[in-house]
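In the working numbering, the protein residues as written are 63 to 313.
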């Protein structure tokens, strides 16, 4: 840990300890569990928490074909820092070609339905393949990120996929995330320093303005209550929180 570890307050230290215990318990409870990584700040935090302690949780990313070069560069950054190759899932090319032929390459600007269809092809279908055969998945979602995530639970049941879903950073603030990243010198997407707190596909992401919430730069032409791509709005239900201190850590 660097000298910047002094940024870690008692409150944040408690969150880190709970995070580590929760990740250990997830790995102990599920033989096959994966982190879905966007390669942005929250997921880089979780990547570090998993790989630095060799927690048995796999990591994958959705390579939509429209990502920033800086985002793709994070794959190399993870490989260099941790010696780990993040698994990539791509969209089905025939579905991409059909969408472009029928609607145009950037038809997602025209309507919410066309945008969601693009997300379905480039993100949701690859996610479903990535999660095939697993019993749980982990995300970097936080309640603070947007109005669509205000009721986020730390542990949920993804009813549509019939697997458990964990959001271990649900109650973390943006300040918590960045204090952790600095303290542990975690590599981060350089776009964050250019005003991109939330990073998705290049044509659907812009830098935010002062005072905007962290996801304001995602699909900025839409209303706040439609700003999800379908990855996290399948049927979920909250399940009782398991006391992590009572579970043996993963081996």
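All C-beta atoms, glycine included, are put in the ideal place defined by N, C-alpha and C.
Under 7 Å Cβ to Cβ from residue i, same chain only, skipping five residues before and after it: list those, please.
i	result
residue 233	205
Looking only at its own chain, which residues have a Cβ that is under 6 Å from the Cβ of residue i, when we skip the five neighbours before and after it?
i	result
residue 249	139, 143
residue 381	The requested residue 381 does not occur in the structure, where the chain is confined to residues 63 to 313.
residue 169	176
Determine, using beta carbons only, whether residue i and residue j come nearer to each other than 8 Å.
i	j	result
residue 257	residue 94	no
residue 243	residue 98	no
residue 241	residue 119	no
residue 153	residue 177	no
residue 226	residue 197	yes
Under the rule that 16 or more other beta-carbon atoms within 10 Å means buried, what is residue i, buried or exposed?
i	result
residue 104	buried
residue 115	exposed
residue 101	buried
residue 289	With a pLDDT of only 47 at residue 289, under 50, the local geometry of the prediction cannot be trusted, and no value is derived from it.
residue 173	exposed
residue 127	exposed
residue 129	buried
residue 164	exposed
residue 166	exposed
residue 259	buried
residue 271	exposed
Can you give me the C-alpha to C-alpha distance between residue i and residue j, rounded to a whole angstrom?
i	j	result
residue 235	residue 92	27 Å
residue 281	residue 274	13 Å
residue 309	residue 84	With a pLDDT of only 40 at residue 309, under 50, the local geometry of the prediction cannot be trusted, and the value read off the model is given with reservation. Distance between the alpha carbons of residue 309 and residue 84: 9 Å.
residue 72	residue 80	12 Å
residue 229	residue 88	11 Å
residue 145	residue 131	21 Å
residue 78	residue 109	13 Å
residue 265	residue 155	19 Å
residue 315	residue 187	There is simply no residue 315 to check, as the chain begins at 63 and stops at 313 in what is shown.
residue 215	residue 141	31 Å
residue 201	residue 147	18 Å
residue 269	residue 137	22 Å
residue 171	residue 199	30 Å
residue 203	residue 279	16 Å
Please go through the same chain and pick out, in chain order, the residues whose beta-carbon is closer than 8 Å to the beta-carbon of residue i, but skip the five residues on each side of it.
i	result
residue 192	96, 98, 122, 124, 149, 151
residue 74	238, 241, 242
residue 112	85, 97, 119, 121
residue 213	205
Sorry if obvious, but does the Cβ on residue i come closer than 7 Å to a heavy atom of the ligand COA?
i	result
residue 260	Looking for the ligand COA in the displayed structure turns up nothing, as the structure carries no ligands at all.
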